[in-house]
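Student:
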Amino acid sequence: KKIIYFSDETRVKYEKLISTLPLPLLVKILKNTPQDILKSSKHLHATSVALVSLGFDKEIPEQLWYYVYDEDKFFARFYSPSIKSSHNAPKNCSSIQVEIYFSDFKSLEKMSNNCSNLADFFIKHVKEKLFQMDFCKEEDIICEDFRIIPYANIIFNHGMEEHRDKILKYIKDCGILTCGRFGEWDYLWSDQSFLSGKNIADGLKTY
Numbered sequence: 004k005k006i007i008y009f010s011d012e013t014r015v016k017y018e019k020l021i022s023t024l025p026l027p028l029l030v031k032i033l034k035n036t037p038q039d040i041l042k043s044s045k046h047l048h049a050t051s052v053a054l055v056s057l058g059f060d061k062e063i064p065e066q067l068w069y070y071v072y073d074e075d076k077f078f079a080r081f082y083s084p085s086i087k088s089s090h091n092a093p094k095n096c097s098s099i100q101v102e103i104y105f106s107d108f109k110s111l112e113k114m115s116n117n118c119s120n121l122a123d124f125f126i127k128h129v130k131e132k133l134f135q136m137d138f139c140k141e142e143d144i145i146c147e148d149f150r151i152i153p154y155a156n157i158i159f160n161h162g163m164e165e166h167r168d169k170i171l172k173y174i175k176d177c178g179i180l181t182c183g184r185f186g187e188w189d190y191l192w193s194d195q196s197f198l199s200g201k202n203i204a205d206g207l208k209t210y
């Protein structure tokens, strides 16, 4: 039987299902997934990203992207939504979003020495480092935000492809088609992720 169970106890039968869920999550929620498939899923790793966003009362960023390679800074890069489009910030204001990557191999807790309030710790860290870089001043900041995106980039550890392909075959045998960066478990850019979904939709008639 091909049935989807929802959290509100709704049940829906399906013939063909398209999933963009990350593969490790998908096999975990499938019923009666074989142990060898679950074991293979533990070999699939991805980074997560903590985002620190700052809003300024003046136009500060001059570039769309900034890359940071200093070892004393936890963030790898940041970009300016307000440079990307003037509609992303009020007139005469600007913004940036700072990316701090972490994973099973490098946790936020370890970076913060097990600080009980990750938001406060990383917002403070980002601001202090930006001040040191002479990028902005405390009085320029009018709003700040911290949030975590659980899936960011695929980690290409040794042997990953073998485990991924094994999982993909099993999922397809269950009548499920996958697409997108985490559905294919590949490093797809935005346009490639879009085409991944389109190709699945176009191929439904022959599936």
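Residues 4 to 210 in the working numbering are what the sequence shown spells out, letter by letter. Quick reminder that beta carbons are idealized off the backbone N, C-alpha and C, glycines included.
Just to confirm before moving on: does the CB-CB distance between W188 and I157 stay below 8 Å?
Tutor: Yes, the Cβ-Cβ distance between W188 and I157 is below 8 Å.
Student: Can you give me the start and stop residues for the beta strand (DSSP E) that Q100 sits inside?
Tutor: Note, Q100: beta strand (DSSP E), 97–105.
Student: Given this structure, state the Cα-to-Cα distance separating L133 from C146, to the nearest angstrom.
Tutor: Rounded to whole angstroms, L133 to C146 spans 15 Å at the Cα level.
Student: Which word fits I152, buried or exposed, when buried means at least 16 other C-beta atoms lie within 10 angstroms of its C-beta?
Tutor: Classification for I152: exposed.
Student: Among Y82, V52, F78, which residue has its Cα nearest to the Cα of Q66?
Tutor: Of the candidates Y82, V52, F78, the one whose C-alpha sits nearest the C-alpha of Q66 is Y82.
Student: Bridge partners for D137 per DSSP, in chain order?
Tutor: According to DSSP, D137 bridges with nothing at all.
Student: Hey, is K5 close to the ligand GTP, as in C-beta under 7 Å from one of its heavy atoms?
Tutor: This structure lacks the ligand GTP; in fact it carries no ligand of any kind.
Student: Can you give, in chain order, each stretch of the beta strand (DSSP E) that sits fully within the stretch 117–173 and has at least 3 residues?
Tutor: Counting whole runs of 3 or more residues, the stretch 117–173 contains the beta strand (DSSP E) stretches 144–152.
Student: Might you give, ordered along the chain, the residues of its own chain that have their beta carbon closer than 6 Å to the beta carbon of V101, omitting 5 neighbours on each side?
Tutor: Cβ neighbours of V101 beyond the five flanking positions: V55, F78, F81, V129.
Student: For I32, is the classification buried or exposed, using 16 other Cβ atoms within 10 angstroms of its Cβ as the cut-off for buried?
Tutor: So I32 ends up on the exposed side.
Student: By how many angstroms is the C-alpha of Q135 removed from the C-alpha of S199?
Tutor: Going by the C-alpha atoms only, they are around 42 Å apart.
Student: What does DSSP give as the partner residues of Y70 in its beta bridges?
Tutor: Y70 pairs with R80.
Student: Pairing CB atoms from the stretch 39–49 with CB atoms from the stretch 84–104, are three or more of them under 8 Å?
Tutor: No, because fewer than three Cβ pairs between the stretch 39–49 and the stretch 84–104 fall closer than 8 Å, the two stretches do not touch.
Student: Are at least three pairs of beta-carbons, each pair with one atom in the stretch 110–117 and one in the stretch 14–23, less than 8 Å apart?
Tutor: Contact between the stretch 110–117 and the stretch 14–23 is absent, because fewer than three Cβ pairs lie under 8 Å.
Student: Helix, strand or coil: which one does DSSP assign to G183?
Tutor: Here G183 sits in helix by DSSP.
Student: Whole angstroms are fine: how far does the CA of S43 sit from the CA of K169?
Tutor: Rounded to the nearest angstrom, the two C-alpha atoms are 8 Å apart.
Student: Here's a check: name, in chain order, each residue in its chain whose Cβ is nearer than 6 Å to the Cβ of G183, leaving out the five neighbours to either side.
Tutor: Once the five neighbours on either side are set aside, the close Cβ partners of G183 are T23, S196, S199.
Student: Mind checking who Y8 pairs with in its DSSP beta bridge?
Tutor: Answer by DSSP bridge pairing, in chain order: R14.
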